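Colleague: Here my numbering = 1-based position in the sequence shown + 11.
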Amino acid sequence: MLAIVNLVLRYHHANAALEQSTRVITDFLGPSPFLSLSDACKFGSITLLEWIWEASCTREADRTPGWSLANFLRSDQHYLKWQFAKALEAAATRGDLRMVEWIFAHFPGC
Numbered sequence: 012m013l014a015i016v017n018l019v020l021r022y023h024h025a026n027a028a029l030e031q032s033t034r035v036i037t038d039f040l041g042p043s044p045f046l047s048l049s050d051a052c053k054f055g056s057i058t059l060l061e062w063i064w065e066a067s068c069t070r071e072a073d074r075t076p077g078w079s080l081a082n083f084l085r086s087d088q089h090y091l092k093w094q095f096a097k098a099l100e101a102a103a104t105r106g107d108l109r110m111v112e113w114i115f116a117h118f119p120g121c
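1. Could you tell me if Leu108 is buried or exposed, where buried requires 16 or more neighbouring beta carbons within 10 angstroms of its beta carbon?
2. If you draw a straight line from the C-alpha of Met110 to the C-alpha of Pro76, how long is it?
3. Just the C-alpha distance for His117 and Trp78, rounded to the nearest angstrom, thanks.
4. Runs of 4 residues minimum, wholly inside the stretch 44–111: which ones carry the alpha helix (DSSP H) assignment?
5. Nearest CA to the CA of Glu65: which residue from Phe54, Ala81 and Ser43?
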């Protein structure tokens, strides 16, 4: 979630509609659902990787209507393994040890 959106809306816990508003705002302002995790690695931002990871579905039943990479990152084992390899390659090419560690922490068993 964007830090500023979180800051502005966090003090309004009583209003359930604000929770939905937070999600809509962050979806609008966030990265494209068509940005792959491996391409995001090229930007060198762990925050961006976290955002994409958290936005991705964990089960096939949770997929949103329409096609997007966010629907498959964690709910399709073939795509998950392929993204692990491509993300690791991108992080290693950058020489980004912190990102490599993030990838291994988020892709257990790959």
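Ideal Cβ positions, reconstructed from N, Cα and C, are used throughout, including at glycine. None of the values given here were measured: they were computed from a predicted structure.
Modeller: This is what the structure holds:
1. exposed
2. 31 Å
3. 23 Å
4. Annotation: the stretch 44–111 contains the following complete segments of the alpha helix (DSSP H) (minimum length 4 residues), in chain order: 48–52, 57–66 and 88–105.
5. Ala81
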